[in-house]
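In my numbering, the protein residues as written are 1 to 131.
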């Protein structure tokens, strides 16, 4: 967890705090004594995401392991202004975030973002949110 959002005028003001707290609460309940696929699906769900095609990469590799909960005003941010190194110049995720986020988990949306280079990463820079 990195609580710093560099290059953001309001710190990590893009964090959907209610969603973040619910994600942490649910993550603590995930049993690790199950086959990996079941554990992964439980972690995806804890993050506030539906298990579906667009989230099939979430928590499935070494990199897409940050649960990013962002305010609804930040869900459609692109990489054009934040310029996260190594990412596509646009990196538009908004429609995927809206489609995959479980709305009952609180305002805003969730996405599993790349942890490499934290806090100079997608969650902190593109969405202005805390992981």
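Glycine residues also receive a C-beta, built at the ideal position from the N, C-alpha and C atoms.
Next on the checklist: Distance check for residue 78 and residue 91, CA to CA, integer angstroms please.
Outcome noted: 6 Å
Checklist entry - When DSSP builds the beta bridges, which residues end up paired with residue 141? => result Nothing about residue 141 can be reported from this structure: the residues present for the chain run from 1 to 131 only.
Item to check | Sub-8 Å separation of residue 124 and residue 35 beta-carbons | outcome: no
Checklist entry - CA-CA distance, residue 74 and residue 13? => result 10 Å
Checklist entry - Taking the C-alpha atoms as reference points, what is the distance between residue 69 and residue 121? => result 14 Å
Item to check | Residues bridged to residue 66 [DSSP beta-bridge criterion] | outcome: 113
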